[in-house]
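Undergrad: The sequence shown begins at 643 in the working numbering and counts up by one. In this text, a Cβ means the ideal position worked out from N, Cα and C, and glycines have one as well. Computed from a predicted structure; not experimentally measured. One structure is given below, represented as structure tokens, and several questions about it will come after.
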Amino acid sequence: MLQKIKIQNFKLHKDTSLEIKPITLFIGQNNSGKSSIFQALQLIKQNLKILEHPEYSERYENILVPPKSFKPTQDFYYFYPNRLLDIGSFQDVIRKDERFIGISIEGNIPTKNRALQDKSIENLQVRYEMKFQNNILKYHSGEIKGGEYHIKWDWRGEMGIKISPDKIKIDEIEITLQAQNVISQPIFSSGYSNPSSIPSEIQANAVELKDGLVNSIRDFIDSIHAIYGLRGFEENSYPLSDKPPSDNDFMLLYDRSLAINSLLPYNRELESQLSSWFKNLLGVEISFELLPGKTVKIKAKNAYGETSFINEGLGIHQLLFIFLPIAIAQQSHTFLIEEPEAHLHPKAQSDISSIFLKIYKKENKQFLIATHSEHILFGFLNAIAKKEISLDEIAIYYFKNEKGVAEISKLNIDEYGRVLGGLPGFFEQNIRNVIDFLDALDSKIVIKYISIKNAIVVFRKLSLLKFKVSPKRNPYCLKWIY
643 MLQKIKIQNF KLHKDTSLEI KPITLFIGQN NSGKSSIFQA LQLIKQNLKI LEHPEYSERY
703 ENILVPPKSF KPTQDFYYFY PNRLLDIGSF QDVIRKDERF IGISIEGNIP TKNRALQDKS
763 IENLQVRYEM KFQNNILKYH SGEIKGGEYH IKWDWRGEMG IKISPDKIKI DEIEITLQAQ
823 NVISQPIFSS GYSNPSSIPS EIQANAVELK DGLVNSIRDF IDSIHAIYGL RGFEENSYPL
883 SDKPPSDNDF MLLYDRSLAI NSLLPYNREL ESQLSSWFKN LLGVEISFEL LPGKTVKIKA
943 KNAYGETSFI NEGLGIHQLL FIFLPIAIAQ QSHTFLIEEP EAHLHPKAQS DISSIFLKIY
1003 KKENKQFLIA THSEHILFGF LNAIAKKEIS LDEIAIYYFK NEKGVAEISK LNIDEYGRVL
1063 GGLPGFFEQN IRNVIDFLDA LDSKIVIKYI SIKNAIVVFR KLSLLKFKVS PKRNPYCLKW
1123 IY
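Rendered as structure tokens:
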């Protein structure tokens, strides 16, 4: 789970440092740097995906922005399954007149390694700092902490390499550690002592524990998933792959559609989980149907019957692109979600906040959400007021483009979900709309607007506005009286 992010000289971000909570919201106008945070993290994750697919014979282990290439025509997916985004070239994203891009991440990951767990190490704390010059990893440093183990390194290429300790001892076996210029695997073991008197099971346990330590940076990077803003099925059915994909981390919408349709038939438990979320949110359950020609069609069932999923509203079937990656991911994984409110009714926007909270509480999954929706925002603020989430578990950042530089401020929230100083950018436009609306009305018209707690009678005559409060009116009523 991410705890800190630092971005330097990347697009709008000159020097950005953010403290990340289990629920972290990014708000602000368009082109203010929200998506750039997600893109920087995706570039690091993409390097890992490239190394996972050696069949493409690509060697970009120390390259931040790999060149765009063409895939073999026989591949099931339309584009390379190891490409997460296309942002152009390194020069397209580095700030003008700057020499390097810096990306740093810090957080903790639960240990699934049995050898680490046997030593009562349930979590590893990791920190990883990278600097890229001319698109190449020129410097990296970091540390891994867990139990009795604390590994630190500083790699500067020809300028020097430091790693401390350079040897660790595990059950009488001494393992040598080294740093290397590989983004997703900055340290590795270069050898170990192997006394013949040590039983083979102890040797195997030492190797397993070593792997858990040196692979922790890779595992941390792999735990971050982007949920793209472009979502929704374009076809009624899709081909079924020979085996299910391991995740849904694909750049192209068509490839993500293929992956979703190939995941459900292989995992009935996944179908049940998604149906539960959809039923709570929109009153719809999902299922699939196998068609001739090794094809899959996803179906939707509501109170009125069953239909093809693509015939449901776009707001419904685009949600599958949000919730399926969340459902298949392991606990403590992180999700970067762009505008989950797209195509959703305001009530559903508010309700989706509750779903995210329930998933976080039950599965310890983390959500970084870039949103323009006041309904999603208020959903989380209301959860604070209702004590469903504590102030230590949520952060809200307001992004502003200040002369080409991302200016970011953390909003101050109290225990009742109130934001000190108000929510910038959310209500100014509503007020402008009301003023424009009043200006458009005839000067003799009287408007009655009933707010949640008070009835405010607004009289307009020429340029004068007068307000009268009546506390005995019903809420949510709007009338025009001539």
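Let's see if you can read the secondary structure: which residues bound the beta strand (DSSP E) around E1049?
TA: Segment V1047 to K1052, the beta strand (DSSP E) holding E1049.
Undergrad: Near G1021, which residues of its chain fall below 6 Å by C-beta distance, leaving aside the five closest residues on each side in sequence?
TA: Closer than 6 Å at Cβ, skipping near neighbours: S992 and S995.
Undergrad: Alpha carbon to alpha carbon, how far is R798 from M772?
TA: Cα to Cα, the separation comes out at about 11 Å.
Undergrad: Go through its chain and collect everything with a Cβ distance to V824's Cβ below 7 Å, but skip five positions before and after it.
TA: E703 and N704, listed in sequence order.
Undergrad: Exposed or buried, P841, counting other C-beta atoms within 10 Å across all chains shown (16 or more means buried)?
TA: That one is exposed.
Undergrad: Is it buried or exposed for T976, if we count other Cβ within 10 angstroms and need 16 for buried?
TA: Buried: at least 16 other Cβ atoms inside 10 Å.
Undergrad: DSSP three-state call for L855: helix, strand or coil?
TA: It is helical.
Undergrad: Do L706 and L685 have their C-beta atoms closer together than 8 Å?
TA: Yes, they are a contact pair.
Undergrad: Can you tell me the Cα-Cα spacing of Q688 and R737, whole angstroms?
TA: Each residue's alpha carbon lies about 21 Å from the other.
Undergrad: What do you get for G789, buried or exposed, if any count of 16 or more other CB atoms within 10 angstroms of its CB means buried?
TA: Flag for G789 reads exposed.
Undergrad: Could you tell me whether the segment 828-839 touches the segment 861-873, where touching means 3 or more Cβ pairs closer than 8 Å?
TA: Because the criterion of three Cβ pairs below 8 Å is not met, the segment 828-839 and the segment 861-873 do not touch.
Undergrad: For F1101, name the three-state secondary structure that DSSP assigns.
TA: Low confidence applies here, because F1101 scores a pLDDT of 39, under 50, leaving its location unreliable and the question unanswered by this model.
Undergrad: List the residues that DSSP assigns as beta-bridge partners of S867.
TA: This sequence places His at residue 867; Ser is not what is there. Partner(s): F977.
Undergrad: On the DSSP bridge list, what partners appear for N944?
TA: Partner(s): G947.
Undergrad: Using only CA atoms, which one of D897, G784 and G749 lies nearest to D717?
TA: Considering only alpha carbons, the answer is D897.
Undergrad: Quick one: grab the DSSP three-state call for Q1008.
TA: DSSP places Q1008 in strand when its eight states are reduced to three.
Undergrad: Just confirm the distance between the C-beta atoms of N750 and V768, as a whole number of angstroms; I'd bet it's less than 8 Å.
TA: The pair is a contact, with the Cβ atoms about 7 Å apart (cut-off 8 Å).
Undergrad: Give me whichever residues DSSP pairs with G744 in a beta bridge.
TA: Its beta-bridge partners are Q650 and K773.
Undergrad: Given a cut-off of 8 Å on the beta-carbon distance, is the pair S1015 and E980 in contact?
TA: Not in contact: S1015 and E980 (Cβ atoms no closer than 8 Å).
Undergrad: Using the three-state DSSP reduction, which class does S783 fall into: helix, strand or coil?
TA: Strand.
Undergrad: Expressed to the nearest angstrom, what Euclidean distance is found between the alpha-carbon atoms of F732 and K1045?
TA: The alpha-carbon atoms of F732 and K1045 are separated by roughly 22 Å.
Undergrad: Tell whether a beta-carbon distance below 8 Å holds between F930 and P907.
TA: Yes, these two residues count as a Cβ contact at 8 Å.
Undergrad: Could you check if D884 is buried or exposed, using at least 16 other CB atoms within 10 Å of its CB as the buried criterion?
TA: D884 is exposed by the Cβ-count criterion.
Undergrad: Looking at the unbroken alpha helix (DSSP H) that takes in K804, where does it start and where does it end?
TA: No alpha helix (DSSP H) contains K804, which is instead part of the beta strand (DSSP E) from I803 to S806.
Undergrad: Quick check on the burial criterion: 16 or more other C-beta atoms within 10 angstroms. Buried or exposed for E697?
TA: It is exposed - the Cβ of E697 has fewer than 16 other Cβ atoms within 10 Å.
Undergrad: Is the beta carbon of I1018 sitting closer than 8 Å to the one on G1059?
TA: Not closer than 8 Å, so no.
Undergrad: Is it true that the CB of P967 sits closer than 8 Å to the CB of N890?
TA: Yes, Cβ-Cβ distance for N890 and P967 is below 8 Å.
Undergrad: Would you list, in sequence order, the uninterrupted beta strand (DSSP E) runs of no fewer than 3 residues that lie entirely inside the segment 872-956?
TA: Within the segment 872-956, the complete beta strand (DSSP E) runs of at least 3 residues are 927-933, 937-944 and 947-950.
Undergrad: DSSP state of S832, grouped into three classes?
TA: Here S832 sits in strand by DSSP.
Undergrad: So is Y880 buried or exposed if we call it buried at 16+ other beta carbons inside 10 Å?
TA: The residue is buried, with at least 16 neighbouring Cβ atoms inside 10 Å.
Undergrad: Give me the DSSP bridge partner(s) of K811.
TA: BP columns for K811 point to E816.
Undergrad: Do you know whose CA, among V926, I964, K852 and L933, lies nearest Y870's CA?
TA: Nearest option by C-alpha distance: I964.
Undergrad: Kindly indicate which three-state DSSP category H959 falls into: helix, strand or coil?
TA: Residue state, collapsed to three classes: helix.
Undergrad: Tell me which residues share the same chain as N1006 and place their Cβ nearer than 7 Å to its Cβ, disregarding the 5 neighbours each side in the sequence.
TA: These residues qualify, in order along the chain: Q973 and S974.
Undergrad: Could you check whether I793 and L819 sit closer than 8 Å to each other, using their CB atoms as the reference points?
TA: It is a contact, given that the beta carbons lie within the stated cut-off.
Undergrad: Report buried or exposed for M643, applying the criterion of at least 16 other Cβ atoms within 10 angstroms of its Cβ.
TA: M643 should be labelled buried.
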